[in-house]
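Residue numbers (UniProt numbering): 1 to 479.
We put the CB at the ideal spot given by N, CA and C, even for glycine.
What you are looking at is a predicted structure, and each value in this text was computed from that prediction instead of being measured.
Taking it in order: structure first as structure tokens, then the write-up.
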């Protein structure tokens, strides 16, 4: 009969299933195979340049080599073995630049990253740094709770001052403050920022060092130019009055100094941008890889409050902010150094009138602070619509069969478009505020440089100095 089940067949089926599961587990335990890089690469439209006619002497004589068909045999990036001179002058990228001039670059022309910059290695290093930070925080919290950690003298003095007022006796208030510190205030938590610093600290802080050197060289440029103008003026006056002019060697030395100052400023500024942007891209890759690894191993309970939409928002928004922070963080601590040195030089050259231009910076800081506060409020409100849109898209894509069965496409599209419209309204407002703040930041230095020399309250001595060409040029072109 069709409804009968043979127990022998059942046992065979279970045995076969168990065997298949065992084979699958054995396969999972085996090391992962190398990814197949023999992909079908789209070549697109290719333009080739070479010396097809004798009079085209500026072009290479031979046609360029064809692009590789696969990515598996791509060589390692020359940056991995480049010398310090090649890194500073970017000569390691010359080959691919010349190839790109001769013909359209293809995917097969690209280099592979060296193992130290691969995404898997970076994410594993970041995970290890995060785990180390977590262990250190847990050890500190355990020692804090057990009483092994004692507060410092300054903290105890501050607690003694705070315990002078309040309900209860002094000893009770003092003990309550220390208990709150051990339970809440003194506890440590693992920091993602410090874990990123453990992973990318060398390249990140070297970029900041290059920025300091570049800014200093940029400040020295106008000073050297002023000395060159002074040398020319002294030599001209000496020749007119019949006196012995200063030696030419001084002018030659100043010219060489001006050349080196400009070169150092240019090299350091470009190294700062390159290292900062590279650090941001590598940090982005490591964070996205770590997020994906954690996302696929979440428990069912964790997925109730860490949804796919939340993970996608972390990748698209928060990781992008980390990338931008890597590029512009150094400006936050190098700008005060640059402004201080610049103000000292201007005070020496122009006297108290330089404070008029500097006061404009002080007046504009509260305004920019308010603008940034408004921008953050608008961004926070706009993020709610971004979360809703991402969550709705994930739900729609996950239930696409139901959407098609019941023809829910039009209502869901209208709902997505409405959420997107409100999101874009906030994005446009954010961009307008950012543009206004950027325009203000760019125009303030020009206004300050124009305002300083025309201050009527300056002394006669500094008035005379500010009217000389060398002082005017020097003060005008200070960054």
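Could you check what DSSP says for residue i in three-state terms: helix, strand or coil?
i: residue 507; result: The chain is shown from 1 up to 479; residue 507 falls before or after that span and cannot be answered.
i: residue 365; result: helix
i: residue 76; result: strand
i: residue 48; result: strand
i: residue 188; result: coil
i: residue 358; result: helix
i: residue 254; result: helix
i: residue 387; result: helix
i: residue 351; result: helix
i: residue 169; result: coil
i: residue 55; result: coil
i: residue 22; result: The pLDDT assigned to residue 22 is 46, lower than 50, so where the model puts this residue is not dependable; a value taken from the coordinates is nonetheless given after this. In this structure, residue 22 counts as helix in the three-state DSSP scheme.
i: residue 145; result: helix
i: residue 176; result: helix
i: residue 164; result: coil
i: residue 150; result: coil
If you count every other CB in all the chains shown that lies within 10 Å of the CB of residue i, and 16 or more means buried, which is it?
i: residue 222; result: buried
i: residue 406; result: exposed
i: residue 318; result: exposed
i: residue 231; result: buried
i: residue 195; result: buried
i: residue 389; result: buried
i: residue 94; result: exposed
i: residue 280; result: buried
i: residue 57; result: exposed
i: residue 398; result: exposed
i: residue 210; result: buried
i: residue 218; result: buried
i: residue 299; result: exposed
i: residue 164; result: exposed
i: residue 30; result: Low local confidence applies: a pLDDT of 49 at residue 30 is under 50, so the model's placement there is unreliable, and no value is given.
i: residue 224; result: buried
i: residue 177; result: buried
i: residue 27; result: Residue placement at residue 27 is poorly supported in this model, since its pLDDT is 44, which falls under 50; the coordinates still yield a value, given next. Residue 27 should be labelled exposed.
i: residue 171; result: exposed
i: residue 214; result: buried
Output the distance between the C-alpha atoms of residue i and residue j, rounded to the nearest integer angstrom.
i: residue 260; j: residue 335; result: 23 Å
i: residue 199; j: residue 126; result: 6 Å
i: residue 179; j: residue 160; result: 14 Å
i: residue 99; j: residue 66; result: 10 Å
i: residue 32; j: residue 105; result: Any reading at residue 32 must be qualified, since the residue scores a pLDDT of 47, below 50, and its modelled position is unreliable; the value itself is stated next. Looking at the two C-alpha atoms, the distance is approximately 32 Å.
i: residue 402; j: residue 311; result: 24 Å
i: residue 269; j: residue 201; result: 19 Å
i: residue 450; j: residue 216; result: 22 Å
i: residue 21; j: residue 121; result: In this prediction, residue 21 scores a pLDDT of 38, lower than 50, which makes its location untrustworthy; the coordinate-derived value is nonetheless stated afterwards. Roughly 31 Å between the two C-alpha positions.
i: residue 251; j: residue 239; result: 15 Å
i: residue 458; j: residue 206; result: Unreliable placement is indicated for residue 458, whose pLDDT of 49 sits below 50; no coordinate value is reported for it.
i: residue 136; j: residue 190; result: 8 Å
i: residue 147; j: residue 141; result: 10 Å
i: residue 76; j: residue 208; result: 28 Å
i: residue 243; j: residue 340; result: 40 Å
i: residue 81; j: residue 87; result: 10 Å
i: residue 271; j: residue 103; result: 28 Å
i: residue 441; j: residue 220; result: 23 Å
i: residue 237; j: residue 245; result: 8 Å
i: residue 378; j: residue 429; result: 7 Å
i: residue 257; j: residue 263; result: 10 Å
i: residue 426; j: residue 418; result: 13 Å
i: residue 79; j: residue 113; result: 9 Å
i: residue 234; j: residue 360; result: 36 Å
i: residue 433; j: residue 375; result: 6 Å
i: residue 83; j: residue 90; result: 10 Å
i: residue 162; j: residue 394; result: 52 Å
i: residue 157; j: residue 150; result: 13 Å
i: residue 192; j: residue 362; result: 34 Å
i: residue 139; j: residue 422; result: 47 Å
Less than 8 Å between the CB atoms is what I'm expecting for residue i and residue j, so what's the real figure, rounded?
i: residue 354; j: residue 346; result: 4 Å
i: residue 437; j: residue 368; result: 6 Å
i: residue 448; j: residue 329; result: No, residue 448 and residue 329 are not in contact; Cβ-Cβ is about 25 Å, not under 8 Å.
i: residue 255; j: residue 228; result: 7 Å
i: residue 364; j: residue 444; result: 5 Å
i: residue 108; j: residue 68; result: 4 Å
i: residue 212; j: residue 337; result: 7 Å
i: residue 293; j: residue 116; result: Not a contact, Cβ separation roughly 19 Å.
i: residue 307; j: residue 380; result: Not confirmed; about 19 Å, so no contact.
So is residue i in contact with chain D if we call contact Cβ pairs under 8 Å?
i: residue 120; result: Considering every chain present, this structure includes no chain D. It has just one protein chain.
4-residue-minimum alpha helix (DSSP H) runs that sit fully inside the segment 61-130, ordered along the chain = 84-89, 94-102
Continuous alpha helix (DSSP H) assignments of at least 4 residues falling wholly in the segment 389-448 = 400-405
Of all the alpha helix (DSSP H) runs that stay within the bounds of the segment 259-328, which reach a length of 4 or more residues?
-> 300-305, 308-313
At what residue ranges does the segment 196-246 contain a whole run of the alpha helix (DSSP H), taking only runs of 4 or more?
-> none
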